[in-house]
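Student:
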Amino acid sequence: MLEISVLRDDKNRVKEGLLKKNVRESDIESVEVIISLDDERKQTQTSLDNILSELNVLSAQIGDLFKTGKQEEANVLKARVNDLKESSKTLETRLKDIKDELEEKIISLPNIPHSSVPVGFGAEDNEVFKLNETDMPKLPENALPHWELAEKYNLISFKAGVTLTGAGFPLYIHHGARLQRALINFFLDEAANAGYMEYMPPILVNKETARATGQLPDKEGQMYHCEKDDLYLIPTAEVPLTNIYRDTILQKEVFPIKLTGYTPCFRREAGSYGSDVKGLNRLHQFDKIEIVQIQHPDFSYETLMDMVAHVESLLNKLKLPYRILRLCGGDMSFGSALTFDFETFSAAQGKWLEVSSVSNFETFQSNRMKLRFKDQDGKMRLAHTLNGSALALPRIVATLLENNQTNEGILIPEVLQKYTGFDIIRS
RNA sequence: GGUGGGGUGGGUGAGUGGCUUAAACCAACAGUUUGCUAAACUGUCGUACUGGAAACGGUACCGGGGGUUCGAAUCCCCCCUCCACCGCCA
21 MLEISVLRDD
31 KNRVKEGLLK
41 KNVRESDIES
51 VEVIISLDDE
61 RKQTQTSLDN
71 ILSELNVLSA
81 QIGDLFKTGK
91 QEEANVLKAR
101 VNDLKESSKT
111 LETRLKDIKD
121 ELEEKIISLP
131 NIPHSSVPVG
141 FGAEDNEVFK
151 LNETDMPKLP
161 ENALPHWELA
171 EKYNLISFKA
181 GVTLTGAGFP
191 LYIHHGARLQ
201 RALINFFLDE
211 AANAGYMEYM
221 PPILVNKETA
231 RATGQLPDKE
241 GQMYHCEKDD
251 LYLIPTAEVP
261 LTNIYRDTIL
271 QKEVFPIKLT
281 GYTPCFRREA
291 GSYGSDVKGL
301 NRLHQFDKIE
311 IVQIQHPDFS
321 YETLMDMVAH
331 VESLLNKLKL
341 PYRILRLCGG
351 DMSFGSALTF
361 DFETFSAAQG
371 KWLEVSSVSN
381 FETFQSNRMK
391 LRFKDQDGKM
401 RLAHTLNGSA
411 LALPRIVATL
421 LENNQTNEGI
431 LIPEVLQKYT
441 GFDIIRS
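Here the first sequence stands for residues 21 to 447, numbered as in the numbering used here.
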């Protein structure tokens with residue numbers, strides 16, 4: 021959620037930013053509406069406060085009159101009080117309406133992109149920030165896509181997943197299951213070594229939690245919702261991890277706060293059925309290790325690059341070819357100010373697959389969740405929040421299977437061998 | 001799920017309708033003093049909105065929401081949550 025003070029003080033930069041995010045012209049004009057609504061809010065608040073103030077004075081007087089036995093004088097004042105209460109109720113209702121409308125308007129505005137974000141509408145406009153093809157494989161002639169490898173080596177059954185649940189819920193088997201566990205442990209260990217504190221959060225969250233990180237109301241339809249208890253299955257560990265610090269005033273020099281956690285992630289992926297859903301390419305349930313940092317605003321962009329470097333080191337250790345994209349305004353998520361996507365090259369499919377997304381949200385999330393700190397002057401300020409996948413498993417598995425296939429079997433990267441307990445998967 | 005008891009500032013904890021402007025203590029911060037650590041003393045010490053150049057004011061907030069009353073931390077209703085016991089259970 022954008023800060024109203026920023027809208028007021030930096031109106032043109034906000035409008036340009038919204039334009040870069042391809043917000044509709046009519047919605048950009050809501051900046052003006054928000055400012056005038058806020059003026060009205062202030063005015064109404066002041067009128068209400070004045071009435072309440074007078075009510076407080078009168079009540080005290082009535083109390084005194086009662087004590088000195090002057091019933092009649094007290095009754096005169098009571099009449100006046102009743103009038104004032106009428107007006108205050110009207111103003112209260114009015115104020116609530118204004119606040120609701122203001123909230124609705126401002127919460128529907130996305131974050132303003134960082135100045136380095138390229139202009140563009142979709143994936144084709146993203147900037148290739150870095151390309152690393154040193155680990156590009158030479159595949160055998162009869163190379164198979166991962167869904168065929170999964171079947172051939174009995175690693176994953178998509179069919180059984182359909183039986184148990186439905187499409188997009190694969191069943192991992194034997195070495196396939198073991199590989200999942202190995203990757204989870206590897207990623208968590210790497211994060212711990214990089215100074216992230218490990219958490220194991222709940223994977224069902226309430227409305228307020230989902231709202232604070234920006235999933236609600238923007239992505240309502242993309243989350244699984246348990247209606248009976250009004251809880252949401254998390255689409256990413258970012259949601260519970262960041263919310264650990266909801267409604268917090270941080271003390272002194274605690275920055276940066278570094279958190280990590282493994283969770284399954286659940287996404288309805290409504291409306292995304294199409295070409296890219298084969299095998300592990302797009303799932304309703306998948307496993308992911310998330311890294312989150314909470315940082316002082318002055319250092320959040322250094323932190324973003326630090327997180328990018330961490331993700332890069334994982335891909336290097338796994339010896340996967342990858343590229344890093346700086347997302348354009350149109351392809352960025354709602355709350356992000358700057359996002360780097362990581363893609364690995366899945367050689368048998370001949371496709372780049374997104375395996376991580378690392379973003380700086382600046383104050384967009386912290387404003388919603390009131391995550392603050394006191395700066396040098398004792399002034400209350402919003403902290404910056406950042407997060408990234410490190411990493412999401414399915415497409416890593418897809419790439420590993422495809423890129424490491426040989427005529428003898430599928431080779432396990434050296435760094436994973438102590439976690440899997442085997443160095444090759446044979447049929 | 002049932003019954004009972006709780007939820008007050010960073011912490012402990014007083015407060016059962018107006019003397020509360022939420023006491024007191026601890027912690028924290030600043031200053032004074034003493035040969036160091038420390039102690040003592042003095043002062044500061046919540047959040048949000050709002051008026052003001054500032055000084056300094058106004059309003060709201062005692063788990064959340066609603067109600068009674070001229071007036072609510074205090075009384076009533078609903079919800080959340082913690083503790084104890086019972087029931088069920090991995």
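Where a beta carbon is used, it is the ideal one built from N, C-alpha and C, also for glycine.
Predicted, not measured: the structure shown is a model, and the values here were computed from it.
Taking contact to mean at least 3 C-beta pairs separated by less than 8 Å, is the stretch 380 to 389 in contact with the stretch 179 to 199?
Tutor: Flag = no, the stretch 380 to 389 and the stretch 179 to 199 do not touch.
Student: Would you mind sorting proline 260 into buried or exposed? The rule is 16 or more other CB atoms within 10 Å of its CB.
Tutor: Within the first sequence, the letter at position 240 stands for residue 260. Proline 260 should be labelled buried.
Student: Would a C-beta distance cut-off of 8 Å place phenylalanine 207 and leucine 436 closer than the cut-off?
Tutor: Locating residue 207 in the first sequence gives position 187, where the first residue counts as 1. Locating residue 436 in the first sequence gives position 416, where the first residue counts as 1. Not in contact: phenylalanine 207 and leucine 436 (Cβ atoms no closer than 8 Å).
Student: Starting from glycine 181, trace the alpha helix (DSSP H) both ways and give me its first and last residue.
Tutor: As a first step, residue 181 must be located in the first sequence, where it is residue number 161. Start and end: 178 to 184.
Student: With H, G and I counted as helix, E and B as strand and the rest as coil, what does DSSP make of phenylalanine 381?
Tutor: The residue given as residue 381 occupies position 361 in the first sequence. If DSSP states are grouped into helix, strand and coil, phenylalanine 381 belongs with coil.
Student: For leucine 431, which of Lys172, Val137, Ala230, Asp443 has the nearest alpha-carbon?
Tutor: As a first step, residue 431 is located in the first sequence; it is residue number 411 there, counting from the start. Considering only alpha carbons, the answer is Asp443.
Student: Comparing C-alpha positions only, which one of Ile269, Val274, Pro317, Pro255 sits nearest to serine 409?
Tutor: For the purposes of this step, residue 409 is taken as the residue at position 389 of the first sequence. If we check each option's Cα against that of serine 409, Pro255 comes out closest.
Student: So for tyrosine 439, helix, strand or coil by DSSP?
Tutor: Mapped onto the first sequence, residue 439 falls at position 419. In this structure, tyrosine 439 counts as helix in the three-state DSSP scheme.
Student: Of all the options Lys239, Asn226, Thr64, Asp69, which has the alpha carbon lying nearest to the alpha carbon of lysine 248?
Tutor: The sequence position of residue 248 within the first sequence is 228, counting from 1. Checked all of Lys239, Asn226, Thr64, Asp69; the closest Cα to lysine 248 is Asn226.
Student: If I'm right that glycine 349 touches asparagine 42 with Cβ under 8 Å, what's the distance once you round it to whole angstroms?
Tutor: For the purposes of this step, residue 349 is taken as residue 329 along the first sequence, with counting starting at 1. For the purposes of this step, residue 42 is taken as residue 22 along the first sequence, with counting starting at 1. Correct: roughly 6 Å between the Cβ atoms.
Student: Might you give, ordered along the chain, the residues of its own chain that have their beta carbon closer than 6 Å to the beta carbon of glutamate 147, omitting 5 neighbours on each side?
Tutor: Position 127 of the first sequence, counted from the start, is the residue given in the question as residue 147. Excluding sequence neighbours, glutamate 147 sits near Pro138, Arg346.
Student: What number of angstroms, rounded off, separates the C-alpha of aspartate 250 from the C-alpha of glutamine 235?
Tutor: Position 230 of the first sequence, counted from the first residue, corresponds to residue 250. Position 215 of the first sequence, counted from the first residue, corresponds to residue 235. Cα to Cα, aspartate 250 sits roughly 15 Å from glutamine 235.
Student: In angstroms, rounded to a whole number, what distance separates the CA positions of alanine 163 and lysine 150?
Tutor: Locating residue 163 in the first sequence gives position 143, where the first residue counts as 1. Locating residue 150 in the first sequence gives position 130, where the first residue counts as 1. Taking the straight line from one Cα to the other gives about 27 Å.
Student: Between the beta-carbon of leucine 57 and the beta-carbon of leucine 115, is there less than 8 Å?
Tutor: Counting from 1 along the first sequence, the entry for residue 57 is found at position 37. Counting from 1 along the first sequence, the entry for residue 115 is found at position 95. It is not a contact, given that the beta carbons lie outside the stated cut-off.
Student: Going by DSSP, name the residue or residues bridged to tryptophan 372.
Tutor: Here residue 372 corresponds to residue number 352 of the first sequence, with the count starting at 1. Partner(s): Phe365.
Student: Can you give me the Cβ contacts of alanine 412 inside the same chain, cut-off strictly under 6 Å, excluding the 5 residues immediately before and after it?
Tutor: Translated into the one-based positions of the first sequence, residue 412 becomes position 392. So the list reads Lys308, Val375, once near-sequence residues are dropped.
Student: To the nearest angstrom, report how far apart phenylalanine 362 and alanine 329 are at their CA atoms.
Tutor: For the purposes of this step, residue 362 is identified with residue 342 of the first sequence, where counting begins at 1. For the purposes of this step, residue 329 is identified with residue 309 of the first sequence, where counting begins at 1. Approximately 11 Å, taken between the alpha carbons.
Student: Tell me, please, which residues DSSP counts as bridged to asparagine 152.
Tutor: Walking along the first sequence from the start, residue 152 turns up at place 132. Note: asparagine 152 sits in a beta bridge opposite Tyr342.
Student: Please classify proline 341 as buried or exposed, where buried requires at least 16 neighbouring CB atoms within 10 angstroms.
Tutor: The count along the first sequence starts at 1 and reaches residue 341 at position 321. Classification for proline 341: buried.
Student: To the nearest angstrom, report how far apart asparagine 174 and alanine 202 are at their CA atoms.
Tutor: In the first sequence, residue 174 corresponds to position 154, counting from 1. In the first sequence, residue 202 corresponds to position 182, counting from 1. If you take the alpha carbons of asparagine 174 and alanine 202, they lie about 17 Å apart.
Student: Around the C-beta of valine 417, are 16 or more other C-beta atoms found within 10 angstroms, so that it is buried, or is it exposed?
Tutor: Residue 417 sits at position 397 when you count from the first residue of the first sequence. When all chains shown are included, valine 417 counts as buried.
Student: Which same chain residues end up closer than 6 Å to threonine 280 when comparing Cβ atoms and leaving out the 5 residues on each side of it in sequence?
Tutor: One-based indexing of the first sequence puts residue 280 at position 260. Correct list, in chain order: Ala211, Tyr216, Glu218, Ile311.
Student: Who does arginine 392 pair with in a DSSP beta bridge?
Tutor: By one-based count along the first sequence, residue 392 stands at place 372. DSSP output for arginine 392 lists Ile269, Leu402 as bridge partner(s).
Student: Here's a check: name, in chain order, each residue in its chain whose Cβ is nearer than 6 Å to the Cβ of alanine 367, leaving out the five neighbours to either side.
Tutor: As a working note, residue 367 is residue 347 in the first sequence. Result list for alanine 367: Pro157, Leu159, Glu422, Asn423, in chain order.
Student: Where does valine 331 sit, in a helix, a strand or coil, going by DSSP?
Tutor: Position 311 of the first sequence holds residue 331. Correct three-state label for valine 331: helix.
Student: State the DSSP-derived secondary structure class of isoleucine 264, mapped to helix, strand or coil.
Tutor: Reading the first sequence from its first residue, position 244 is the one you call residue 264. It is coil, neither helix nor strand.
Student: Please work out which residues of its chain come closer than 6 Å, Cβ to Cβ, to proline 414, disregarding the five sequence neighbours upstream and downstream, and give them in chain order.
Tutor: Within the first sequence, the letter at position 394 stands for residue 414. Taken in chain order, the residues that qualify are Leu300, Leu303, Phe306.
Student: For arginine 287, count the other beta carbons within 10 Å of its own beta carbon; 16 or more makes it buried, fewer makes it exposed. Which is it?
Tutor: Translated into positions along the first sequence, residue 287 becomes position 267. Flag for arginine 287 reads buried.
Student: To the nearest angstrom, how far is the alpha carbon of arginine 14 from that of alanine 232?
Tutor: With the chain covering 21 to 447 only, the question about residue 14 has no answer from this structure.
Student: Ends of the alpha helix (DSSP H) at threonine 256?
Tutor: As a first step, residue 256 must be located in the first sequence, where it is residue number 236. Taken as a continuous stretch (DSSP letters only), threonine 256 belongs to no alpha helix (DSSP H), as it is neither H nor E.
Student: With burial defined as no fewer than 16 other Cβ atoms inside 10 Å of the residue's Cβ, what is the status of threonine 283: buried or exposed?
Tutor: For the purposes of this step, residue 283 is taken as the residue at position 263 of the first sequence. Classification for threonine 283: buried.
Student: Return the chain-ordered list of same chain residues with a C-beta closer than 7 Å to the C-beta of phenylalanine 141, the five sequence neighbours on each side being excluded.
Tutor: Within the first sequence, numbered from 1, the residue matching residue 141 stands at position 121. Asn42, Gly350, listed in sequence order.
Student: State the start and end residues of the unbroken alpha helix (DSSP H) segment that holds lysine 35.
Tutor: Working through the first sequence from its first residue, we reach residue 35 at position 15. Counting along the chain, the alpha helix (DSSP H) containing lysine 35 begins and ends at 31 to 40.
Student: Please determine if the stretch 35 to 52 and the stretch 65 to 85 are in contact, where contact requires at least 3 C-beta pairs separated by less than 8 Å.
Tutor: Taking 8 Å as the limit for Cβ pairs, the verdict is that the stretch 65 to 85 does not touch the stretch 35 to 52.
Student: Along the chain, where does the alpha helix (DSSP H) containing glutamine 458 start, and where does it finish?
Tutor: This structure does not reach residue 458, given that the chain is present from 21 up to 447, and the question cannot be answered.
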